[in-house]
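Step one of this worksheet: look at the structure below.
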Amino acid sequence: MSTPSSTTPTIIQALRVQGRVIYALMMREVITRYGRHNIGFLWLFVEPMMFTLAVTLLWAGLRLNHVSALPITAFAVTGYSSILLWRNMPARLIGSVLPNLALMYHRQVKVIDIFASRLLIEFMGATISFIVLTIIFATFDWMSLPEDLLKVIEGWLMLTWFGCALAVLLGALAEDYEIIEKLWHPLAYMIMPLSGAGFIVDSLPQAGQDAILWLPMVNAVEYIREGFFGSVIVSHYDMAYMVEANMVLTVLGLAKTLKISREVIPE
Amino acid sequence: MIRLRDICKSYHTSQGQHEVLKNVNITIERGEKVGILGRNGAGKSTMIRLLSGAERPTSGRIERSMSVSWPLAFGGAFQTTLTGYDNLRFICRIYGIDPTDKIEYVQEFSELGSYLREPLRIYSSGMRARLAFALSMLIEFDCFLIDEVVSVGDARFHEKCQRELFEKRADRALIIVSHDMAYVREHCSRLCVLSQGDLSIFNDVDEAYEFYHRAIHLQ
Numbered sequence: 002m003s004t005p006s007s008t009t010p011t012i013i014q015a016l017r018v019q020g021r022v023i024y025a026l027m028m029r030e031v032i033t034r035y036g037r038h039n040i041g042f043l044w045l046f047v048e049p050m051m052f053t054l055a056v057t058l059l060w061a062g063l064r065l066n067h068v069s070a071l072p073i074t075a076f077a078v079t080g081y082s083s084i085l086l087w088r089n090m091p092a093r094l095i096g097s098v099l100p101n102l103a104l105m106y107h108r109q110v111k112v113i114d115i116f117a118s119r120l121l122i123e124f125m126g127a128t129i130s131f132i133v134l135t136i137i138f139a140t141f142d143w144m145s146l147p148e149d150l151l152k153v154i155e156g157w158l159m160l161t162w163f164g165c166a167l168a169v170l171l172g173a174l175a176e177d178y179e180i181i182e183k184l185w186h187p188l189a190y191m192i193m194p195l196s197g198a199g200f201i202v203d204s205l206p207q208a209g210q211d212a213i214l215w216l217p218m219v220n221a222v223e224y225i226r227e228g229f230f231g232s233v234i235v236s237h238y239d240m241a242y243m244v245e246a247n248m249v250l251t252v253l254g255l256a257k258t259l260k261i262s263r264e265v266i267p268e
Numbered sequence: 318m319i320r321l322r323d324i325c326k327s328y329h330t331s332q333g334q335h336e337v338l339k340n341v342n343i344t345i346e347r348g349e350k351v352g353i354l355g356r357n358g359a360g361k362s363t364m365i366r367l368l369s370g371a372e373r374p375t376s377g378r379i380e381r382s383m384s385v386s387w388p389l390a391f392g393g394a395f396q397t398t399l400t401g402y403d404n405l406r407f408i409c410r411i412y413g414i415d416p417t418d419k420i421e422y423v424q425e426f427s428e429l430g431s432y433l434r435e436p437l438r439i440y441s442s443g444m445r446a447r448l449a450f451a452l453s454m455l456i457e458f459d460c461f462l463i464d465e466v467v468s469v470g471d472a473r474f475h476e477k478c479q480r481e482l483f484e485k486r487a488d489r490a491l492i493i494v495s496h497d498m499a500y501v502r503e504h505c506s507r508l509c510v511l512s513q514g515d516l517s518i519f520n521d522v523d524e525a526y527e528f529y530h531r532a533i534h535l536q
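Just so you know, the sequences run in chain order A and B. For the first sequence, the working numbering begins at 2 and goes up steadily by one. For the second sequence, the working numbering begins at 318 and goes up steadily by one.
What follows is the structure, given as structure tokens:
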């Protein structure tokens, strides 16, 4: 029989416990959300894939090709996949503390672990969906593989960071202010057409380009597209600005999370 | 050992700050059986959450040099769409123990049999309580927290729990928080009374009883 350690843990032990808790929460969340029947946890990426597929077919059907010279399939896949990342992460964290309050009777389970487990699930779902769709479409010659894979990965990770930081901030704020939950969904819809998913910045007039790049995710979407199409398009981005924006969101989000973890009352 | 030092706890309410615990001090040694008596609303559950580490005090320090359980037989953390087995695995994962050799024990002790593989929403309340108790016995804590009288299942199962907890684990520390004088008296060597935010500690059981009795009727 095992005895839980009772002395003050070292940083390595603490990280091990946190890893264990996050993994346990992830498994619990995945089984709860997708169950064991039919394809089970595969829904994790089949669900976002279906969304992306639907949007891709819609865009292709509406012949939005005239927007740019880019192949519509690759344009839709990169665009909609990026929306999944920054839009779903906050949606999953807002209101995630309440249903898990009782779990916090186990001392090692903290608010940040609940956040981390849900973010990891979203990241995995969106990423696998992105990769699988790219491979499928490339196999059928509907789109070509990225010219600069490293750049795509960098852009994708920057977008992930942005999504996580925004999600943690909104998730933590939502514990204190109910209005966040009400506001996020309409706000996300409003930002969606501005997020760079449905257009390329180069097609805008100069003033519009400068304005739109204030939205951090637009920079990452442009960066990803440059990685994909490189020579075909002119991309506009300022990754240093995006790092700054992400840092600010991260610090604010973690500070707010720390505050609510101190005040949380397990049910 | 668990030591509470100058613990204060207050909550925000719509009527302003509500102070539940005022300057509470107590030390619980290994193997010690401590009962904390209090009326409804005296702050017993707050004490349990502070002792288990689920919640932080507003001010003061808590030192722990022994491992402390979650409230015994607590079933609130169950996810009812999951099976008993899933919930068992969750507990094992967060405490870092291997579930494979625990399945049989839980299956047998909880008397759930093949129901362990069914979702909790089809369990009766008795079945849930039996599972919760069995899961509480999975981790060998140094100190077990008991929030109110443990009454799980029928008389025979109740006896089984008593044996598992008070006999097989007689060397562990126990903290029982309850309003039931008789229950606390049966299992504890040291009694405390929680009244109006103050924790009074008694070494003499009768003295504690008298104090508690007076505290009940004064309010």
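Idealized CB from N, CA, C, for every residue including glycine. All figures in this text were calculated on a predicted structure; none of them were measured in a lab.
Buried versus exposed, by CB contacts within 10 Å (16 or more), residue i
i	result
His-107 (chain A)	buried
Asn-220 (chain A)	buried
Leu-405 (chain B)	buried
Trp-60 (chain A)	buried
Leu-43 (chain A)	exposed
Lys-419 (chain B)	buried
Met-191 (chain A)	exposed
Asn-342 (chain B)	exposed
Ser-3 (chain A)	Model confidence at Ser-3 (chain A) stands at a pLDDT of 43, short of 50, so the residue's coordinates are unreliable and nothing is read from them.
Asn-357 (chain B)	exposed
Asp-488 (chain B)	exposed
Gly-62 (chain A)	exposed
Glu-479 (chain B)	The question names Glu, but residue 479 (chain B) is Gln in the sequence shown. The residue in question, Gln-479 (chain B), is exposed, as its Cβ has fewer than 16 Cβ neighbours within 10 Å.
Ala-127 (chain A)	buried
Extent of the continuous alpha helix (DSSP H) to which residue i belongs
i	result
Cys-165 (chain A)	150-177
Ser-369 (chain B)	361-369
Phe-230 (chain A)	217-230
Glu-48 (chain A)	44-62
Gly-126 (chain A)	112-140
Glu-182 (chain A)	180-192
Glu-519 (chain B)	Contrary to the premise, residue 519 (chain B) reads as Phe rather than Glu in this sequence. That residue, Phe-519 (chain B), is in no alpha helix (DSSP H); its beta strand (DSSP E) goes 515-519.
Straight-line Cα distance separating residue j from residue i
i	j	result
Ile-137 (chain A)	Cys-409 (chain B)	39 angstroms
Tyr-529 (chain B)	Glu-503 (chain B)	16 angstroms
Gly-254 (chain A)	Met-248 (chain A)	10 angstroms
Val-56 (chain A)	Phe-141 (chain A)	18 angstroms
Ala-284 (chain B)	Leu-321 (chain B)	Limits of chain B in this structure are 318 at one end and 536 at the other, which puts residue 284 (chain B) out of reach.
Met-28 (chain A)	Arg-507 (chain B)	42 angstroms
Ser-431 (chain B)	Ala-92 (chain A)	37 angstroms
Ser-495 (chain B)	Arg-447 (chain B)	20 angstroms
Leu-214 (chain A)	Val-202 (chain A)	8 angstroms
Ala-15 (chain A)	Trp-387 (chain B)	19 angstroms
Ala-208 (chain A)	Gly-377 (chain B)	57 angstroms
Leu-45 (chain A)	Val-244 (chain A)	29 angstroms
Met-318 (chain B)	Pro-436 (chain B)	38 angstroms
Ile-324 (chain B)	Gly-333 (chain B)	20 angstroms
Gly-41 (chain A)	Val-47 (chain A)	10 angstroms
Gly-20 (chain A)	Arg-37 (chain A)	24 angstroms
Gly-348 (chain B)	Phe-391 (chain B)	22 angstroms
Arg-531 (chain B)	Glu-465 (chain B)	21 angstroms
Tyr-412 (chain B)	Ile-353 (chain B)	27 angstroms
Phe-200 (chain A)	Val-22 (chain A)	41 angstroms
Pro-267 (chain A)	Ala-175 (chain A)	17 angstroms
Thr-11 (chain A)	Glu-524 (chain B)	44 angstroms
His-475 (chain B)	Thr-53 (chain A)	55 angstroms
Leu-399 (chain B)	Leu-433 (chain B)	10 angstroms
Ala-25 (chain A)	Leu-120 (chain A)	14 angstroms
Ser-384 (chain B)	Ile-463 (chain B)	14 angstroms
Arg-366 (chain B)	Tyr-35 (chain A)	32 angstroms
Beta strand (DSSP E) segment containing residue i, residue limits
i	result
His-329 (chain B)	319-330
Gly-333 (chain B)	333-345
Ile-420 (chain B)	From DSSP, Ile-420 (chain B) is part of no beta strand (DSSP E) but of the alpha helix (DSSP H) over 420-426.
Chain A contact residues for residue i, given Cβ-Cβ distances below 8 angstroms
i	result
Gln-424 (chain B)	What Gln-424 (chain B) touches in chain A: nothing, since even the nearest Cβ is about 17 angstroms away.
Asp-403 (chain B)	Arg-29, Ile-32
Chain-ordered chain B contacts of residue i [CB-CB under 9 angstroms]
i	result
His-107 (chain A)	Ser-369, Ala-371, Trp-387, Ala-394, Ile-408, Ile-411, Tyr-412
Arg-21 (chain A)	Arg-410, Ile-411, Tyr-412, Gly-413
Neighbouring residues, chain A, relative to residue i (Cβ below 9 angstroms)
i	result
Phe-450 (chain B)	Per Cβ cutoff of 9 angstroms: no residues; Phe-450 (chain B) is ~15 angstroms from chain A at best.
Phe-391 (chain B)	Ala-103, Tyr-106
Leu-399 (chain B)	Arg-29, Ile-32, Thr-33
heavy atom of the ligand FMN below 7 angstroms from residue i C-beta
i	result
Arg-434 (chain B)	Absence of the ligand FMN is noted for the structure shown, with no ligands found whatsoever.
Per-residue contacts from residue i into chain A (C-beta, under 7 angstroms)
i	result
Arg-366 (chain B)	Pro-267
Cβ of residue i within 8 angstroms of any chain C Cβ
i	result
Val-249 (chain A)	As a matter of chain content, chain C is missing from the structure shown, whose protein chains are A and B.
Under 7 angstroms from the C-beta of residue i: neighbouring residues of chain B
i	result
Val-98 (chain A)	Per Cβ cutoff of 7 angstroms: no residues; Val-98 (chain A) is ~14 angstroms from chain B at best.
Legend entry - Validate contact between the stretch 163-170 of chain A and the stretch 231-251 of chain A using beta carbons, cut 8 angstroms, 3 pairs: Judged by Cβ distances under 8 angstroms, the stretch 163-170 of chain A makes contact with the stretch 231-251 of chain A, as three or more pairs qualify.
Inset, instruction - Report yes or no: do three or more beta-carbon pairs, one from the stretch 168-185 of chain A and one from the stretch 228-241 of chain A, lie closer than 8 angstroms? - result: Touching, no, given that fewer than three Cβ pairs across the two stretches are closer than 8 angstroms.
Inset, instruction - Indicate whether the contact test is met: 3 or more Cβ pairs, each with one atom in the stretch 93-106 of chain A and one in the stretch 175-185 of chain A, closer than 8 angstroms. - result: The stretch 93-106 of chain A makes contact with the stretch 175-185 of chain A; the number of CB pairs closer than 8 angstroms reaches 3 or more.
Legend entry - Three-pair Cβ contact test at 8 angstroms for the stretch 101-115 of chain A versus the stretch 74-87 of chain A: No contact exists between the stretch 101-115 of chain A and the stretch 74-87 of chain A.
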